[in-house]
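Protein chains in written order, with the numbering used here: chain A, 1 to 477; chain B, 478 to 954. In what follows, a single structure is set out as structure tokens and then discussed.
Number of protein chains: 2
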Amino acid sequence: MLLARPVLVILLLLFTSVATAQDKPNIILVFLDNFGWGEPGFNGGGIIRGAPTPRLDQIADEGLRLTNFNVEVQCTPSRSALMTGRYAIRSGNGTVPLGEGVYGLVKWEVTMAEMLSDAGYATGMYGKWHLGRTSGRFPTDQGFDEWYGIPNSTDESVYSSLPGFSESGLSQTFVMEARKGESPRQVRPYDLDYRPVIDRDLTDRAISFMKRQAKTGNPFFIYLPYTATHFPAIPHPEFAGKSGKGVWGDMLMQIDSYVGDLLDTVDNLGIAENTIFIFTADNGPEALEAGGASMTGETALHGSAGPWRGTLFTGFEGALRVPFAVRWPGRIAPGTSSDEVVHVMDLFPTLAGITQGEVPDDRPIDGIDMSDFFLGKTTKSGRDGFVVYMGNEVFGVKWHDWKIHFKEQEAWSSVLRTYTMPKVYNLINDPRELDNVLFPHTWVLKAGLPQLEAHQASLQQYPPIRPGTPDPYEPPR
Amino acid sequence: MLLARPVLVILLLLFTSVATAQDKPNIILVFLDNFGWGEPGFNGGGIIRGAPTPRLDQIADEGLRLTNFNVEVQCTPSRSALMTGRYAIRSGNGTVPLGEGVYGLVKWEVTMAEMLSDAGYATGMYGKWHLGRTSGRFPTDQGFDEWYGIPNSTDESVYSSLPGFSESGLSQTFVMEARKGESPRQVRPYDLDYRPVIDRDLTDRAISFMKRQAKTGNPFFIYLPYTATHFPAIPHPEFAGKSGKGVWGDMLMQIDSYVGDLLDTVDNLGIAENTIFIFTADNGPEALEAGGASMTGETALHGSAGPWRGTLFTGFEGALRVPFAVRWPGRIAPGTSSDEVVHVMDLFPTLAGITQGEVPDDRPIDGIDMSDFFLGKTTKSGRDGFVVYMGNEVFGVKWHDWKIHFKEQEAWSSVLRTYTMPKVYNLINDPRELDNVLFPHTWVLKAGLPQLEAHQASLQQYPPIRPGTPDPYEPPR
């Protein structure tokens, strides 16, 4: 069949328009809470942790697995770095908030959601924020079109069932909901009744958003920070007892099933080849033996960092490395893996690189655009290492396969040890960071410390935002 | 075409004969030395240990991976248990030989090689024996048609280069070679010149045996106990520096490449579907920091047990669990894995079950025929647990996901700790065996200790062979 020239032109324009839309892939970012490197099957976990994780493993099988993907070692700083592409220290978010004051991201920060929103994305967030609990600091104030979830963290779900809390004058935590520009409304108390089931609701709302957005033909970004694996880890009734291996096995089944629901939706909507699907976590595993026992009947429930030493709130690899797998059929080669150093800060500029989003140029961005690395065009991530913070203190430096430690603590309740001479570890030979090999490897200091010096010079030039700074914030000239 | 009845009968007989031959699959057993659970990619190792292991991973991808495959925690006992299907304590092989006396398997023992030999197999062994170094105790005295390798262990390769040794009056260790019934001849000294290249020769000889045997149409058994990953781990010149990640990465590349050569040979000979290919190891990893440094220039070279605690010569999971993958295309489902408890002793009766081999009935056999489990006909291995020995002492009991510890030592050079009340660990919740949960789990003692009591009663009824017992040995009536 021959087509008249005008019809052909219109068709060509239509196809061109479709091609342009496809230049901006959808992004789904599943972000687990306190979920160690050793948990998923794709890192040697799965059945030894109580249940297979076929759907998590599928992401790695069909995409790229990063074995040296690093985060900040606490919840709030890691999420701050994810959202801004900057060291959390710069944003005043070096620690999780312990008191009741103002905390989180000032409005001046440009978040991943704002960047993607500006690039034409519909943005939905379902889950835990932990970057502000006061007016003007909610996700819908920071670039998300809609949000359903909790402002802070899941330990608060226990509060109302604890003796003493009701006399404290503190307010109960609520599950919240908002659309961009709205003041979030309190949906219901976040308590032990809702704690086991919240992640089901998060999944369903993400799926509903995906279905709505897929119809529009515009790209979408879903940020899904699940709560399930944070203390108290209590499985949904549908999964309680299902693994036959205890609470943790049930949790793994639940997570795997929910991620499977997301993958199935992507596939059924026919958008798999136009959707980047990322699975990762905020920091290493918990070591909450006593707490674990009291809430779930499990004794001595430890998360697993796999071969790495340490748990969350330490500077060891177990705190820093988390599981990471990303799938983008047709663009990221299936079944690939890399031990190159990558940091959660790199996701902002990398996703900006892929989506033609704009990275702010008026402030230091510590993340690196690794889009060529993610897409297999180079085998190098471009990152030599990074500064390891625990809270607002520099604990050390990672440089390729080496670590330099100035301070160490075994767990968050352990004594802080400060060394007058730094320790040096080789992570290939000694994944448990047991043997200081400063001698003969003093050269590692010469190779690794310049990045710390450069970082500290940058902090001098661009003074960090003080923790608790209220809005409006303007950087000093 | 119609065939006359006699011709048809002859053809049917021929096909029946072929079918019978195919009922006895070839068996290749690759057995690594001091190779931890966390080393291969299929258990989350590979690139984080210095190099990917695509050929090892291929075995798991195309077959069954066992995540709870257990061994004895030392070299000689583990090999004794492998060869006999019996606890090493029964055979007088509870420890590695430290002095110069007689040790190893008495002739009265029935080995896996004898069992398979009696079942019609050609049997070749290439590598480290460590079950006897005196006349009548070599592999070719114990069921192997041919052997090329070393009688004892690889630390002996260092001896002739150490100050003092030449004045000791001790004899240099030799690489040996023999055919069944022959007295082995000394091929060459086992020294630091030959140490890096021996595994290449073992591989080539195994391949040569395979090619010769494949032509005969009769089934063969190859036992390939590699030396490479035992102290001193020195890569073959072809692999030295190849990983760019140090000695251990080079070693992984070398092992992976040699195993790949074996797999390629199996495939090229067209015998893959008739060949059971097993990859495993004798015990958990070394912790030889100082030694590693002095021999290879590497500082603090630790093997990795993955998430598990402990190294060889301990009762912890890191000593007991080793990597295990088995491939048998068409008979074992690809990409399967199981955390069921399996012990190296089980291979003897399991392989007997598959090959219609004869398991001796005049002595206790502690292994279990798991052929139905290996072939996917049942999901249960049939083993509840086992007694954990360190040397000749009972350190504890494994029972399903639980451990009961009477004694512990952190590493082979650590102090032996004996407890008046046993410790109890849950391996799913607490893979690093950190938190004793005896309370509230005193029930685990009631469930797990009967197997120890039964084992000890059996030792009463069938007194163990004393270490160093000379031949001929006859059991007491």
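Cβ coordinates follow ideal geometry from the N, Cα and C atoms, glycine included. The structure displayed is predicted, hence computed values, not measured ones.
**Prompt:** What separation, rounded to the nearest whole angstrom, lies between the Cα atoms of A/ARG55 and A/VAL259?
**Reply:** For the purposes of this step, residue 55 of chain A is taken as residue 55 along the first sequence, with counting starting at 1. For the purposes of this step, residue 259 of chain A is taken as residue 259 along the first sequence, with counting starting at 1. Each residue's Cα considered, the two are about 7 Å apart.
**Message:** Does the CB of B/GLY945 have a neighbour CB from chain A at under 9 Å?
**Reply:** As a first step, residue 945 of chain B is located in the second sequence; it is residue number 468 there, counting from the start. By this cut-off, B/GLY945 is not an interface position.
**Request:** Throw me the rounded Cβ distance for the A/LEU427 and A/LYS446 pair, which I believe falls under 8 Å.
**Result:** On the first sequence, residue 427 of chain A is found 427 positions in, with the first residue counted as 1. On the first sequence, residue 446 of chain A is found 446 positions in, with the first residue counted as 1. In fact, because the Cβ distance is near 18 Å, the residues do not count as touching under 8 Å.
**Message:** So if I threshold CB-CB distances at 9 Å, which residues from the region 435-458 of chain A count as touching chain B?
**Reply:** Listed by position, the residues of the region 435-458 of chain A near chain B (Cβ gap below 9 Å) are ASP435, ASN436, VAL437, PHE439, PRO440, HIS441.
**Message:** Quick check on A/PRO475: buried or exposed, where buried means 16 or more other Cβ atoms within 10 Å of its Cβ?
**Reply:** Here residue 475 of chain A corresponds to residue number 475 of the first sequence, with the count starting at 1. Exposed, because fewer than 16 other Cβ atoms sit within 10 Å of the Cβ of A/PRO475.
**Message:** Whole angstroms are fine: how far does the CA of B/SER848 sit from the CA of B/ILE831?
**Reply:** By one-based count along the second sequence, residue 831 of chain B stands at place 354. By one-based count along the second sequence, residue 848 of chain B stands at place 371. Approximately 6 Å, taken between the alpha carbons.
**Request:** Going by CA-CA distance only, name the one from B/ALA705, B/VAL818, B/ARG804 that's closest to B/ILE748.
**Result:** Against the second sequence, residue 748 of chain B aligns to sequence position 271. Considering only alpha carbons, the answer is B/ARG804.
**Message:** Distance cutoff 9 Å, beta carbons only. Does B/PHE519 sit that close to anything in chain A?
**Reply:** On the second sequence, residue 519 of chain B is found 42 positions in, with the first residue counted as 1. Yes, its Cβ sits closer than 9 Å to a Cβ of chain A.
**Item:** Beta-carbon contacts of A/GLY448 that lie in its chain and below 7 Å, excluding the five residues immediately before and after
**Value:** Locating residue 448 of chain A in the first sequence gives position 448, where the first residue counts as 1. Answer for A/GLY448: GLY385, VAL397, TRP399, TRP402, ILE404, listed in chain order.
**Item:** Distance, B/GLN933 Cα to B/TYR896 Cα
**Value:** What you label residue 896 of chain B is simply residue 419 of the second sequence in a count that begins at 1. What you label residue 933 of chain B is simply residue 456 of the second sequence in a count that begins at 1. Going from the Cα of B/TYR896 to the Cα of B/GLN933 covers about 20 Å.
**Asked** Based on Cα-Cα distance, which residue from B/ARG656, B/ASP595, B/TYR667 lies nearest to B/ALA829?
**Response** For the purposes of this step, residue 829 of chain B is taken as residue 352 along the second sequence, with counting starting at 1. Checking every option, the nearest Cα to that of B/ALA829 belongs to B/ASP595.
**Request:** Say yes only if the C-beta of A/GLY382 is nearer than 8 Å to one or more non-hydrogen atoms of the ligand NAD, and no if none qualify.
**Result:** What this structure holds is no ligand at all, so the ligand NAD is not there to describe.
**Message:** Please identify the residue among A/THR53, A/ASP264, A/HIS441, A/ALA305 whose C-alpha is closest to the C-alpha of A/ASP282.
**Reply:** As a position in the first sequence, residue 282 of chain A is number 282, starting the count at 1. A/ASP282 has its Cα closest to that of A/ALA305, out of A/THR53, A/ASP264, A/HIS441, A/ALA305.
**Prompt:** Using CA coordinates, which residue listed in A/PHE35, A/LYS24, A/ASP23 is at the minimum distance from A/GLU286?
**Reply:** As a first step, residue 286 of chain A is located in the first sequence; it is residue number 286 there, counting from the start. A/GLU286 has its Cα closest to that of A/PHE35, out of A/PHE35, A/LYS24, A/ASP23.
**Residue ranges of each beta strand (DSSP E) within the region 382-456 of chain A, 3 or longer** = 385-390, 393-399, 402-408, 417-426
**Message:** Would the region 561-580 of chain B count as touching the region 929-944 of chain B if we require 3 or more Cβ pairs under 8 Å?
**Reply:** Taking a cut-off of 8 Å on C-beta distances, the region 561-580 of chain B touches the region 929-944 of chain B, as three or more cross pairs fall below it.
**Request:** Label B/THR610 either buried or exposed according to how many other C-beta atoms from any shown protein chain fall within 10 Å of its C-beta, with 16 as the threshold for buried.
**Result:** Along the second sequence, read from residue 1 onward, the residue named residue 610 of chain B stands at position 133. According to the sequence provided, residue 610 of chain B is Arg. The question's Thr does not apply to it. B/ARG610 should be labelled buried.
**Item:** Contact residues within the region 317-339 of chain A, judged by C-beta distance below 8 Å to chain B
**Value:** SER337, SER338, ASP339
**Any beta strand (DSSP E) of 3 or more consecutive residues that is wholly inside the region 108-145 of chain A** = 122-128
**Request:** Check whether the Cβ atoms of A/ILE39 and A/GLY303 lie closer than 9 Å to each other.
**Result:** Stepping through the first sequence from its first residue, residue 39 of chain A is reached at position 39. Stepping through the first sequence from its first residue, residue 303 of chain A is reached at position 303. It should be pointed out that residue 39 of chain A corresponds to Glu in this sequence rather than to Ile. Yes, Cβ-Cβ distance for A/GLU39 and A/GLY303 is below 9 Å.
**Request:** Answer yes or no: does any C-beta atom of chain B fall closer than 9 Å to that of A/ASN68?
**Result:** Counted from its first residue, the first sequence places residue 68 of chain A at position 68. Output row for A/ASN68: interface = yes.
**Message:** Against A/THR299, what residues of chain B qualify as contacts under a CB-to-CB distance less than 8 Å, listed in chain order?
**Reply:** Along the first sequence, read from residue 1 onward, the residue named residue 299 of chain A stands at position 299. Correct list: ASN903, ASN906, ASP912, VAL914, PRO917, HIS918.
**Item:** Endpoints, the beta strand (DSSP E) within which B/PHE519 is located
**Value:** Position 42 of the second sequence, counted from the start, is the residue given in the question as residue 519 of chain B. Premise fails: B/PHE519 is in no beta strand (DSSP E) and is neither H nor E.
**Asked** Are B/VAL914 and A/ALA300 closer than 9 Å when you measure CB to CB?
**Response** What you label residue 914 of chain B is simply residue 437 of the second sequence in a count that begins at 1. What you label residue 300 of chain A is simply residue 300 of the first sequence in a count that begins at 1. The answer is yes: Cβ separation under 9 Å.
**Item:** Whole alpha helix (DSSP H) elements within the region 733-795 of chain B, 4-residue minimum
**Value:** Fully enclosed alpha helix (DSSP H) runs of 4 or longer: 766-773.
**Message:** Once DSSP output is grouped into helix, strand and coil, what is the label at B/ALA498?
**Reply:** Against the second sequence, residue 498 of chain B aligns to sequence position 21. Annotation note: pLDDT 45 at B/ALA498 (below 50); position unreliable, no value reported.
**Message:** Spatial neighbours of B/GLY527 within its chain, please: C-beta separation below 7 Å, excluding the five flanking residues on both sides.
**Reply:** Taking the second sequence and counting its residues from 1, the one referred to as residue 527 of chain B is at position 50. Within the same chain, B/GLY527 has close Cβ partners SER720, LYS722, GLY723, TRP725, GLY726, LEU729.
**Prompt:** chain B beta carbons: is any one of them nearer than 9 Å to that of A/GLY46?
**Reply:** Mapped onto the first sequence, residue 46 of chain A falls at position 46. So yes, A/GLY46 belongs to the interface.
**Prompt:** Can you list the residues of chain A that B/PRO784 reaches, using a CB-CB cut of under 8 Å?
**Reply:** Working through the second sequence from its first residue, we reach residue 784 of chain B at position 307. When 8 Å is used as the limit between beta carbons, B/PRO784 is near these residues of chain A: GLY38, GLY44, GLY45, ILE48, SER304, ALA305, GLY306, PRO307, in chain order.
**Request:** Look at A/TRP147 and A/TYR126 and say whether their C-beta atoms are less than 9 Å apart.
**Result:** As a first step, residue 147 of chain A must be located in the first sequence, where it is residue number 147. As a first step, residue 126 of chain A must be located in the first sequence, where it is residue number 126. Contact: yes.
**Asked** Shorter than 9 Å from the beta carbon of B/TRP606 to some beta carbon of chain A?
**Response** Translated into positions along the second sequence, residue 606 of chain B becomes position 129. Closer than 9 Å: no.
**Prompt:** Which of the three DSSP states, helix, strand or coil, is assigned to A/ARG195?
**Reply:** In the first sequence, the residue the question calls residue 195 of chain A occupies position 195. Of the three classes helix, strand and coil, the one that applies to A/ARG195 here is coil, per DSSP.
**Message:** Using only the alpha-carbon positions, how far apart do A/HIS130 and A/TYR223 sit?
**Reply:** On the first sequence, position 130 is the one that residue 130 of chain A refers to. On the first sequence, position 223 is the one that residue 223 of chain A refers to. Per the coordinates, the alpha-carbon of A/HIS130 lies some 13 Å from the alpha-carbon of A/TYR223.
**Message:** Can you give me the C-alpha to C-alpha distance between A/ASN482 and B/PRO947, rounded to a whole angstrom?
**Reply:** Since the displayed chain A opens at 1 and closes at 477, residue 482 of chain A lies outside it and no answer follows.
**Request:** Measuring only between beta-carbons, confirm whether B/GLY726 sits less than 9 Å from chain A.
**Result:** Counting from 1 along the second sequence, the entry for residue 726 of chain B is found at position 249. Chain A, which has a Cβ nearer than 9 Å to the Cβ of B/GLY726, makes this yes.
**Prompt:** To the nearest angstrom, how far is it from the Cα of A/ASN26 to the Cα of A/ASP267?
**Reply:** Indexing the first sequence from 1 puts residue 26 of chain A at position 26. Indexing the first sequence from 1 puts residue 267 of chain A at position 267. Straight-line Cα distance between these residues: approximately 13 Å.
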